[in-house]
Structure formats: C-alpha cells, structure tokens
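**Q** One structure coming up, written as structure tokens, with questions to follow.
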C-alpha cells in the first residue's frame, strides 16, 4: 500500500474524536442538573459565557476576513497559492468551533458536577472529567479533521505526489499552504487567550478585593455581584482560552515537523506524513486513556487522572516506534532515505525515537520543576510565606525572586533537549521532540479542563447554599490533578520553545537564498534581536494594564452596589456578623440574605468584563501580527533576529510569570492552612497580617499566570508562523528590487 | 609630531583630574562641619561606610589575586602575555581606589552640606556638588592615569608601533592585554554594585517598613536604629557603587573602541588612539564645566547643574570633531586611511561625527523617555496613583505594567542609534557612539553623586534636629538634578548596550577563525542564546532574594529594639502622640526622646547590613564570571549566543526594573502631595489607604531600581569582556584538539 493512502486515516481519527465528544456530550446532558437554584445560577454563567463568545467571535470574524483577504492578494503563485486564504479561514474556524463546543459542554458539566458531588466524589469526578474530555477531543478532532482534509485536498490539487523522489517543490508548496491553517489557529488562540485572560482576571481580582478583603464575605458568595462574572471567567479563560491555546500548539507542532520534513535533505513524503500519523494514533490512545479515569468511592482521584494521562503517554512510545519504523522503511523501500543525519547517513528509527524521548523527558522534568516551584511546603513557597510575615512588600519581592529564579532549570532542560534531539536527528528531531510531548493532547487537555469545571462546580455549590461537604468534595476535585496540570504546563513551555525553533528553521529555509546567513554579528540581525526581545515585555504590559484597569472598573461597580443597594448592605452586615460570632445564620436572617442576593445587579459586572476584555484584546493581538510584517518589509535579516529575540525573552517571561503566579497562589493557601495567630510574633493563619500580605501577592500573580504568561507561548509561535507565511513574498520582493 | 607622542597627554589629563580632586577635597575639609551632634552622627555614618568598604575590599582582594593568577597561568603567549594579570590587577585597583576616595569625601561633604544649608541654598549646593565632583574626577582621573600609563608601557614592551602599517598583530596584542584592565574594573564594579545595592536597600526597606509604616515615626528619625545604616547605605550603594559602575562603563567604552580600531580593516594606530584622546579632552572640558555650577541665593540649582553638565557635553562636540579630524588626517598622511567604510572608501571625519551624534541623541532621548515614565504628573505615574486607590495589588500590577511598557521606546532608540552609527562608520562607529555619551563622565558623575550627598545631608539634618527650613533646603537640593540624573541613566543604558555590542564584535574577531560564523540557525548558538537570556533573570533573583532576606533580618532587629528597650518604646509613644495631636514635643518630652535616641543599638543594624551584603554579593558575581568560561569551554559558538542572549534580556530587565522602581517612587511622592482625604471615595494624601498602597509599591521598587537593575548593565559588559579575554585561549584549544 502506498504510504499516502494511510493519510486518509488522519481525518478519520479526528472524526473518531468528534464522535466520542458527541456521545459524551449526550451523556453529560442526561445527568441530573440539580435543584432550581443551581440551575438558575448555571444558566446565568452559561449565558454570560455565550455572550462573551458571541461578542468575541464577532470581532474575530471581521479580523479573519481582512487577513484572509490580504493573504489571498499577496500570495506568490510560484511558491504558494491564493488558497492560503482558505487555509487561514479553516484554521481560525476549527479553533473557534473547538472553543465553542468545549465551553458549551463545560458550562453544562459544571452544575452537573455540583449536583453529582451531593452523592459522592466518584460520580462528580466522572462528570467533571468527561466535561473536560469533550473539550480535549473537540480540539484534537477538529484539528486533525481540518488539517488532514486540507492536506489531502492540496495534495490532489498540486500533484505533490508526482515529485516524491524529486525536488519536493510541490510538496513544499503544499506544506507552505498548510502554514496558513496554523496561522489561523494561532491568531484565534492569541485573541482567545488574551481576551479570556483579561475577562477572568478582571472579574476574579475585582470580586476578591471587594468581597473577601473589604467586605469580609467568603469567596464565591452570592451576595457578591461579581461572582457570576468570576465563574463565567473560569470558562472563557481557563476552558475556551486554554482550548484554543492547545489547538494552536498541537497544530503548530505538527506543522513544524511537516515543514522541516518537506525541506529536509531528500524531501520524502514520509517525513511530512509521519507527524500526522503520530497525531492520529495519539487520538486513539487518548480515547482509550479516558476509560481508565475512574475511581471508587473513597479512592484517590489523583491516581485516576494520572493513570489515564501518563498511561496514554507511555503507550504512545511503542506506537510511535512502530509508526516511525514504518515510515523509515517505506522511504528506504522507495530507494531514498527518509531524511539524512548530520553525517549524511540515512536516519535510523532509533535516532528519531531518541529525539522524541529527549523531548518527553525534558517536558516531564520541567513539569516537575514547575511543580516544585509552585507547591506548598517546598522551599520556594516556604520562602514567600516566611517573607509575608513582614508585609506585602517583602511578599512581592520574594515572589518575583522565586519567579525569576524558576527560569533557570527549565531553560537548561530545554537547551539539553535541543542539544540531544538535534544531535540524534537534526532540526527534524527538534520538531519531533515537540510533537512527542503533544501527541496525547486529547487526554492531557481533558485533565486540564477538568480543573475549571470543578472550580465552577464549587462556585455553584457555594452560591446555591449546598451543604459544606459538597463544597468540600468539589474543592477536593479541584485540588487534585495538579501534578498532571503542572506537567501539562511543562509540556506547553518546552513544546512552545521547540516548535518555535522548528518554525524558525522553516522560516530560514523558505525566506533566504542559498548563501544568505542569519549571522549574529550582522547589525540588522542585532537590531531585530533587541526589538524582538522587547516585544514580549510590551505585550505583557498591555495585557496587565488591561487587567488592572478592567479590575478597577469592576471594583468600583461592586463597591457602588454594596453602597447603593440598601438590602444588600444590610445583608452583608448580617453575614459578616454571623461569621464573626462563628455561628450560622438564623432562618429569618437567611431569608433576608437570600432576598438581598436576588437584588444584586449581576449583569452589570458581566458586561464590564465582556466589554473590557474584547476592547483590550485587540491591541496586543495586532502587535503580534503586525510587527513581523513591518520588520520583515525592512529586512528579512532583522526579521530573523526579531523572532530569535522574541523567543528568548518570551520564554523567560512566560516561565517567570506562570511560576511566580503559581507560587503566590499556593503561598496564600499555605498561610490559610496555618494555625490562626494574630500576634506580632506569630502572625499566621487566616485573617492575620501575613494572610493579608499573601492575598495581595496572589492577586498580583493572577494576571501573571492567567493572562500574560500563557499568552506569551502563543505570541512566540504566532510571530514565527506569520514570518513563515510571508517569507516567500518577502524573498520575492528582495529579489525584485 | 608622530601621533603616538600625543598619547602622553592621556595620563596627564588623568593627573589633572586627580589634582582637581585633591584641591577640592582640601576645600571641603575646610568647611564648617556643624555642631557636635551633627558631627557625631556624621562620624557614625563615616565609620559604618568605611567598615563596609574594608570588609568588601578584603573579600575582593582575595578574588583579584585568584583571578589574576588564573589569567597569568592560562595566557596564550602568541596573542596575549602573562602581563594580562598586571592589567587585571591595575583595573581592579584603580576602580577600588576611585570608590574609596569618592566615598571618603562624600561622607565628609554630607555633614558640611547640612551645616551650609543652615545659612542658605547656594552654599549647600556648592558643598554637595563639589563633593560629587571629587567622586567624578577620581573616577575619570584614575581611569585615564591607569589605562593610559598601561597602554604606553605595553606599547614600549611589544614594539607595537613598528607594525603601524602592517598586520597590526602587535597592536592587537597590546589591546587584548588592556582588556584585562577593563575586566578588572568590571569585576569590581559588579561586586560593588551588588554589594552596595543589597546594603542600601536592606537598610532602607527595613528602616521604612518598621519606622514609617509600623511605628509611625518620620523617615530618618533618630529613634529608628536602622537610620544610620540607611544613611551608610546611601554612600556605599549610591556613591561607591555608582562610582565603580561608571568607572567600568567609561573604561569599557574606551576599550571597545580601541579593540575595534585595532582590528578594523587597516589596523591603524590612530583608530586605537582616538578614543583615548577624546576621553582626555573630556576631562578638561568636565573640569571647566564644574566652574559653571553655581547659583545665587534664590536661584534655581537645577539651572546651575544643567548648565555645567549640558554645557560640557555641547562643548565636547566641536572638540571631538577636531580630534577626529586630526586622527583621520594623520592616518591619511601616512598613506593608509584610518578605517574603511562599508564601501571600502576611507572614512571621513564627518561620518565618525555622525556616529557620535547618533549616540548622543539616542542617549538624551532615552533619558527624556526615562524621565517621562518616572515623573510625577505624567501618564505612567498618574496611572499608578490612580490604581493605588484600590490597594497594593493594583498598585503593583500597574507599576509592573509601566515598567514593562517603558522598554519599548528606549529599545527602538538604541536600535536606531545602532543602525545609524553602523551605517555611517561600521561597528567602529557603534563603539564611538557609546564613547561619545561617556566622554564627559567626570561632570555627569559629579551631578549623579551630588544626589546621595544631599540625601545624606537631609538625613543628618533630621536626626540632629536642625530646624525644618534646613531640611527643606536639603530636600530641595535632592529634588533637583533629576533631569540630569535621568539623562545620565539614559546614557548608562544606551552606552552599556552599544559598548557590549562593540565588545561582542571584538569577541567575534578574536575568538573565531576566518570562515567561522555565528549563525542564528546553529543549534549551539541557539542553546547559548536561551541560556544567556536566562542568566539576567537568575542574577536578578539572587540580588532580590538577598535584599529580601537581609531586610527581614533588619526588620526583626528593629522590632526587637522597639520592644525590648523600654525608654525607646515610651519615646516612640511620645513622638507619635505629639504627631497625632499635631503639636511639637514639650521640653520635657524632648529630653526623654533625646535620651532614648542615645540608647538605640545602631551598630547592630550596621553590622546586619554589612554582613548580609558581603556574603550575598559573592554568588551573583561568580555567576557572571564563571558562566561564560564554562559555556565557552564547551563551544565558542554557544558562548557567542550566550552573550547575545544576555545582552537582549539583560537590557530589557535593566530598563524595566529601573523605570518601574522610579515610577513607584514618584507615585508615592505624588500621593503624598495630594490633599489628605481618608474617605473611601477620596482616599488620597498621606496616611490614606492609597498612600499605604503606594508605599508598598515604592518598597518593592527599591531593590528593582537600586540593586538588581543597575547591576545588569555591568553584568552584560562583564560577561562580554570575560569572553574577549578568554577568546584567544579558547580558539587555541579548539585548534589544538
């Protein structure tokens, strides 16, 4: 069987994932949605989330049309085709659909998780995890269906199979066209991450500062009008934003490997097909993995999640070996090796396997380091807790110090992975290392998305006044899966760096004539390097300022409601009084408080977050898209420097911001676990000055870890993919002048 | 007259500066040192500062001996000489001496400034400025005497003049030997900046948090046992640290130009001598400039400082033109052009002038941008003030956002300067652009060092209970000179980037064989780039953690004294009570408070800062020295990437940290200027919640702007100069293997 026939299996695997998602969605809908009050709250969250998505997609639709038009108009017919517009629109559409479906199910699963938590931990885990699994499968399913179908279509259009043994010119053109799909996915991802990140943190910071700190009511309390917006934020930021993010990573890693495969020495079709086959197999393995995520009552959900996720990654190793071996042998059977090593010998299956293993080991190790820097009871978090004793200033200094320091080991690990992957299998090996980490994205994302669903379930339990043991169960669900999530974060950082590197190599291949080199001593390269190094700072500044000012609007609005709605003001008094006296509310008080809760003007808070995030996501998004174009029009060499500079400082800032944010978060939790002691000597536990300092640190960390930090991974890749897409045009302009 | 004879003028100009410093020192000693109480306080500050310097230099002496020994042992006799050890020791020694003399005079001038401020602003300005001028002239004087004498000595040793028209092999060897001087200066500078920065901020943060925030007594109050340490810190950090820093920049810029001059196409002696002649002329102009810094009573000291400093820079322009023209013509008279342009035509005087002007314009513009980002009443500081309304968390988020954003324009300006300087006169032009900014270091540093002297004078006035109008005058002195200081900071950042670039080019020239190129697509270069990008983060983490933990020790100690010394505790009560009732202390209360002040255990606080800073400066210093060696031993290509990576993220972090710190500082001051209004709606002025939030931001900014930020400029250059020094050895090892 010719290897290209195997390609039909790729969209088929994608379709399988979508089928799984559809069945699981139906199963979730059949679950108990709880009492009327719970359903009412869930409905508010659902409507808020959908309103945001509608507003966001309206803006993005316009953007996609404009960019697609520009791509069609400027496409160079000798190395590309106006069809790149089709690729771009497809990529954007698939990403948007994955976000839409995933979030729709997440906003159904949250209340059903809360409802299931009334009867026990095990059924709640099932609902939450399956909700996450729908998101995961939608991402990989739509990814492979769209990308795979487009690949087959272009192969047919451009007769790329005819030059299997030749110059690979047509294959390169096809792969360049597919870069448009990746660019579409990256663009949507950046806007979704930034917009969602601003939304969720403006609401979160606003709700916490006025509710918890100023008014002294518990987190997620229904008297706080920003609580619904906060819960909507978990969905638009942590579910839809993360889904688009991983869609982008997944496609980027596949595309990076394909481009390098297509241009690698002999340009064999096998080298370009291999990443797609691995991704397809990854879907099947991920689906199987989801069946292992179950726990008995009293069992440990952590074990269940780890079994599914690590099990899938582990099973992928021999399967990858088989696929690689098949490709290597198929190429050899046609007379030319798949790719050549540095020594110009044919690559071996084992060398490619080692590249994948190097990537996986680095990813897992980075995850463990990330876990170390953010975990309660470890040295970094302990140091923040210790320095919180002397107030917020020393807490902040300590947290920034921890975040800065935490860049060191991950960078050394990434450097090691690059060294090994390149040593074994050249730049193709580096790309494959990134892909290896992302092949089981389906189940990894299920575990990631399960977190915010449990978080939401907890919020609903709190707001609808379910008994404390229900909240305990949802908190328990939320707390586990952290190891898996940390390792997922390690994969995200390491794979972003490696994928950006392979896309960078692709840019170098398509954007320069033979003999032209990107030398570090070329002043144009140096200028690009400096400007590129600056962009992640400017981008983060925009994101953080957006959160800061949106949160201020939110705070002002909540304060206004607390002040101007009389029943709300007196209800707040009742709650804090009872809290202070350490007793439950009386039936009459309960009635008054409930009555006041229905008077909060929730929609105003939702509207503030929605408007602020949509308006504020545009500038940083455009910065990422336009700067490579502007710099590239001046000099392709400066553009090369720009990408390298953005990669360097972007990766550092991403690691710094994620880890500082995570460490502050857990430092606060660790203080809350301490014994209460408000004396100057002790100064520990909830309500102490140390706790107040730790809460401030946590708040500063929020936009770090949930807005700016995760967007930077996308920024790096989006800028590089834009460079890959425009490179042929730039080269032609340079030749013409 | 052969041009080399002019070289004798270089150490002569240096000697002139030292003479000026000696005369000025004698003048300062003759001024009134105030009453006994003032002298007692000044003596404590003086002894604390000298104790720190003694402890620091003891550690550094050991370090210098070890490194010098290593340099002697590993020197390659074909391209270098064991005499590089002599260069290194001389550079270290000159830097240390400049710090010693400068600080000695600064700790004499502070109390005399306070004493002079009793009679008026004008005499106080004279004393403070002349104190700063001694520091400035010691730096440039010792720099040129040491560097110039060493150059003449090596020229004699190695017969470098014989190959004026030839390969310049011996001239290159001489310049390589001089790199050791620069390395010595940079090493001392890094330790002095880090050590001094830790000292001053640990004391400042500790004194402020316990004194101002917790106990509610005014800043610099003598009841606060950390106040003396805080004032010592101003001297060891802002005077000695800054002196060593500028010594390093000055020498680095001269050396960078010399190296590129020596290796530039035709390797004419003129190209290597030119920077020394410009520096020598700069000293004469600086000395003349100091005579223009004087003001009538009621006059504006800002105008006086600006006249001296801008006047000197302006006068340097025609003088530079004359010197350049002389060199260009002298080279042409010998038959070969000084250097060649890109088009291989002889360089013109005007082209080199344009390079200098490009550097100067970029430096001034960056200074103005820096001023904008840190000034009261401008948008960035206003935004921090606005966001302080909702507490410390939003204050911190806003400040970090401002700092991140402030990297954008300076980087574009630096990029523009590189583009123009390179376009006009190649990499030699880039080096010359850096030198142009630093040629009048003598008077610039005088203005910079005048700040901490006035600050100290204010502290002494406060502690010794001088009338409020005296404190008003010293505050007034302290407040002006900010424009000049901001532009000095712009010069420091821009010149660091340009000087590092020229040293980087020098490394490329001496460390690689013809045909070897530092290509961005080489995985070793990329690995170096990533690791290099990480180092400034790790380095800053070390510096900030040192400040955080030293400040904690200080806070604990001050709290202990407040608690355990009974007379101190009751005196604090009297002061805050009187403050609260808005009245002066009664005579009896005054007596009790004074009595209590003599019971504070000041020496303990001084000892805490000294020990912490000496112990904690070692690890970051070694990181900077050892990492280029370790990476270079693995791969020279990775070392090239390492330097580029450190340059990129180091410059960004330096700008971010300096500007965020400055903006927080002035945001706090702006809140203090507001009308007092403690209502939730108003929330403004001293004592309001907004003010508390702004104080926290200011405290976070302290280690940013005074410890980590300024050290990064040195880190970048130190790593590059280490690479330049070890490059010949690395190249030989690579050839040998």
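Chains as they are written, first to last, in my numbering: chain Z, 1 to 737; chain C, 738 to 1474.
All C-beta atoms in this analysis are idealised placements derived from N, C-alpha and C, irrespective of residue type, glycine included.
As the structure is a computational prediction, the values presented were derived from the model and not from experiment.
Taking Cβ-Cβ distances shorter than 8 Å, what residues in chain Z pair up with residue 1187 of chain C?
**A** One-based indexing of the second chain puts residue 1187 of chain C at position 450. Going along chain Z, no residue has its Cβ under 8 Å from residue 1187 of chain C, so there is no contact; the nearest lies around 29 Å.
**Q** Assuming residue 271 of chain Z and residue 154 of chain Z make a contact with CB atoms under 8 Å, what is their CB distance in whole Å?
**A** Here residue 271 of chain Z corresponds to residue number 271 of the first chain, with the count starting at 1. Here residue 154 of chain Z corresponds to residue number 154 of the first chain, with the count starting at 1. Rounded, the Cβ-Cβ distance is 17 Å, inconsistent with contact.
**Q** What does a CB cutoff of less than 7 Å around residue 265 of chain Z pick up in its chain, not counting 5 residues either side in sequence?
**A** In the first chain, counting from the first residue as 1, residue 265 of chain Z sits at position 265. Its pLDDT being 48, under 50, residue 265 of chain Z is placed unreliably in this model, and the value from its coordinates should be taken loosely. Only 339 and 340 meet the Cβ criterion.
**Q** Taking C-beta to C-beta, are residue 202 of chain Z and residue 554 of chain Z nearer than 9 Å?
**A** The residue you call residue 202 of chain Z lines up with position 202 of the first chain. The residue you call residue 554 of chain Z lines up with position 554 of the first chain. The answer is yes: Cβ separation under 9 Å.
**Q** Please confirm if the segment 1319-1330 of chain C is in contact with the segment 1418-1435 of chain C, defined as three or more CB-CB distances below 8 Å between the two stretches.
**A** Not touching, per the Cβ criterion.
**Q** CB-CB under 6 Å to residue 353 of chain Z, same chain, minus the five flanking residues each way: which ones, in chain order?
**A** The sequence position of residue 353 of chain Z within the first chain is 353, counting from 1. Closer than 6 Å at the Cβ level, and outside the excluded window around residue 353 of chain Z, lie 321.
**Q** From residue 572 of chain Z to residue 120 of chain Z, what distance separates their C-alpha atoms?
**A** Position 572 of the first chain holds residue 572 of chain Z. Position 120 of the first chain holds residue 120 of chain Z. When rounded, the distance between both Cα atoms is 32 Å.
**Q** Could you confirm whether any beta carbon from chain C is found closer than 9 Å to the beta carbon of residue 517 of chain Z?
**A** Working through the first chain from its first residue, we reach residue 517 of chain Z at position 517. Interface residue, yes.
**Q** Buried or exposed for residue 1363 of chain C, please, with buried defined as at least 16 other CB atoms from any protein chain shown within 10 angstroms of its CB.
**A** Here residue 1363 of chain C corresponds to residue number 626 of the second chain, with the count starting at 1. By the 10 Å Cβ count, residue 1363 of chain C comes out exposed.
**Q** What does residue 396 of chain Z touch in chain C if you count any residue whose Cβ is under 7 Å from its own?
**A** Position 396 of the first chain holds residue 396 of chain Z. Result: 1133 and 1437.
**Q** Select from the segment 648-679 of chain Z all residues with a C-beta closer than 8 Å to any C-beta belonging to chain C, and list them in chain order.
**A** Per Cβ criterion, the list reads 648, 649, 651, 652 and 656.
**Q** Suppose you measure from the CA of residue 293 of chain Z to the CA of residue 221 of chain Z; what does that come to, to the nearest Å?
**A** Working through the first chain from its first residue, we reach residue 293 of chain Z at position 293. Working through the first chain from its first residue, we reach residue 221 of chain Z at position 221. Approximately 32 Å, taken between the alpha carbons.
**Q** So, is residue 754 of chain C buried or exposed, given that buried needs 16 or more other C-beta atoms within 10 angstroms?
**A** Against the second chain, residue 754 of chain C aligns to sequence position 17. Classification of residue 754 of chain C: buried, given that the 10 Å Cβ count is 16 or more.
**Q** With 16 other CB atoms within 10 Å as the buried threshold, where does residue 248 of chain Z fall?
**A** As a first step, residue 248 of chain Z must be located in the first chain, where it is residue number 248. Buried, because 16 or more other Cβ atoms sit within 10 Å of the Cβ of residue 248 of chain Z.
**Q** Less than 9 Å between the beta carbons of residue 1243 of chain C and residue 1459 of chain C, yes or no?
**A** Numbered from 1 along the second chain, position 506 holds the residue referred to as residue 1243 of chain C. Numbered from 1 along the second chain, position 722 holds the residue referred to as residue 1459 of chain C. No. Outside cutoff.
**Q** Applying the 10 Å Cβ sphere with the 16-neighbour rule, what's the burial state of residue 77 of chain Z?
**A** As a first step, residue 77 of chain Z must be located in the first chain, where it is residue number 77. Burial call: exposed.
**Q** What separation, rounded to the nearest whole angstrom, lies between the Cα atoms of residue 1421 of chain C and residue 776 of chain C?
**A** By 1-based counting over the second chain, the position of residue 1421 of chain C is 684. By 1-based counting over the second chain, the position of residue 776 of chain C is 39. So the alpha carbons of these two residues sit roughly 39 Å apart.
**Q** Checking contacts by CB at 9 Å: is residue 1264 of chain C closer than that to chain Z?
**A** Position 527 of the second chain, counting from 1, holds the residue named residue 1264 of chain C. Yes, its Cβ sits closer than 9 Å to a Cβ of chain Z.
**Q** Whose C-alpha, out of C:1051, C:742 and C:1356, is nearest the C-alpha of residue 1067 of chain C?
**A** By 1-based counting over the second chain, the position of residue 1067 of chain C is 330. Looking at the Cα atoms, C:742 is the closest of the given residues.
**Q** What does the alpha-carbon distance come out to for the pair residue 748 of chain C and residue 885 of chain C?
**A** Residue numbering aside, residue 748 of chain C sits at position 11 when the second chain is read from its first letter. Residue numbering aside, residue 885 of chain C sits at position 148 when the second chain is read from its first letter. Looking at the two C-alpha atoms, the distance is approximately 5 Å.
**Q** Using CA atoms only, rank isn't needed, just tell me which of C:1120, C:1349 and C:1237 is closest to residue 1380 of chain C.
**A** One-based indexing of the second chain puts residue 1380 of chain C at position 643. It is C:1237.
**Q** Check distances from the C-beta atoms of the segment 944-962 of chain C to those of chain Z and list, in chain order, the residues that come in under 8 Å.
**A** Cβ contacts with chain Z: 946 and 950.
**Q** Could you check how far apart the C-beta atoms of residue 790 of chain C and residue 837 of chain C are, in whole angstroms? I think they sit under 8 Å.
**A** Translated into the one-based positions of the second chain, residue 790 of chain C becomes position 53. Translated into the one-based positions of the second chain, residue 837 of chain C becomes position 100. Yes, residue 790 of chain C and residue 837 of chain C are in contact; Cβ-Cβ is about 6 Å, under 8 Å.
**Q** For chain Z, check one thing: does any of its Cβ atoms lie closer than 9 Å to the Cβ of residue 1124 of chain C?
**A** By 1-based counting over the second chain, the position of residue 1124 of chain C is 387. Closer than 9 Å to some Cβ of chain Z, the Cβ of residue 1124 of chain C qualifies, so yes.
**Q** Alpha carbon to alpha carbon, how far is residue 458 of chain Z from residue 674 of chain Z?
**A** Residue numbering aside, residue 458 of chain Z sits at position 458 when the first chain is read from its first letter. Residue numbering aside, residue 674 of chain Z sits at position 674 when the first chain is read from its first letter. C-alpha separation (whole angstroms): 23 Å.
**Q** So, does the CB of residue 424 of chain Z fall closer than 9 Å to a CB anywhere in chain C?
**A** For the purposes of this step, residue 424 of chain Z is taken as the residue at position 424 of the first chain. No, because no Cβ of chain C sits closer than 9 Å to the Cβ of residue 424 of chain Z.
**Q** Using the Cβ count rule (16 or more neighbours within 10 Å means buried), how would you classify residue 1403 of chain C?
**A** By one-based count along the second chain, residue 1403 of chain C stands at place 666. The residue in question, residue 1403 of chain C, is buried, as its Cβ has 16 or more Cβ neighbours within 10 Å.
**Q** Please list the terminal residues of the continuous alpha helix (DSSP H) segment that includes residue 1074 of chain C.
**A** Mapped onto the second chain, residue 1074 of chain C falls at position 337. Looking at the DSSP string, residue 1074 of chain C is not in any alpha helix (DSSP H), and its letter there is neither H nor E.
**Q** Please classify residue 802 of chain C as buried or exposed, where buried requires at least 16 other C-beta atoms within 10 Å of its C-beta.
**A** Numbered from its first residue, the second chain carries residue 802 of chain C at position 65. Residue 802 of chain C is exposed by the Cβ-count criterion.
**Q** Identify whether residue 598 of chain Z lies in helix, strand or coil by the three-state DSSP scheme.
**A** If you number the first chain from 1, residue 598 of chain Z lands on position 598. In this structure, residue 598 of chain Z counts as coil in the three-state DSSP scheme.
**Q** Determine, using beta carbons only, whether residue 687 of chain Z comes closer than 9 Å to chain C.
**A** Here the question's residue 687 of chain Z lines up with position 687 in the first chain. No, no contact with chain C.
**Q** In whole angstroms, what is the alpha-carbon distance linking residue 833 of chain C and residue 1350 of chain C?
**A** Taking the second chain and counting its residues from 1, one reaches residue 833 of chain C at position 96. Taking the second chain and counting its residues from 1, one reaches residue 1350 of chain C at position 613. Cα to Cα, the separation comes out at about 17 Å.
**Q** Let me see if you follow: with CB-CB separation under 9 Å, is residue 265 of chain Z close to chain C or not?
**A** Residue numbering aside, residue 265 of chain Z sits at position 265 when the first chain is read from its first letter. A caution first: residue 265 of chain Z carries a pLDDT of 48, below 50, which makes its placement in the model too unreliable to give a value.
**Q** Using a beta-carbon distance below 9 Å, is residue 260 of chain Z in contact with chain C?
**A** Start at 1 with the first residue of the first chain, and residue 260 of chain Z comes out as number 260. So no, residue 260 of chain Z is outside the interface.
**Q** Note down the Cα distance separating residue 397 of chain Z from residue 1434 of chain C, rounded to an integer number of angstroms.
**A** Taking the first chain and counting its residues from 1, one reaches residue 397 of chain Z at position 397. Taking the second chain and counting its residues from 1, one reaches residue 1434 of chain C at position 697. Rounded to the nearest angstrom, the two C-alpha atoms are 10 Å apart.
**Q** Could you name the residues that DSSP lists as bridge partners for residue 1256 of chain C?
**A** Taking the first residue of the second chain as position 1, residue 1256 of chain C is located at position 519. Beta-bridge pairing links residue 1256 of chain C to Z:519.
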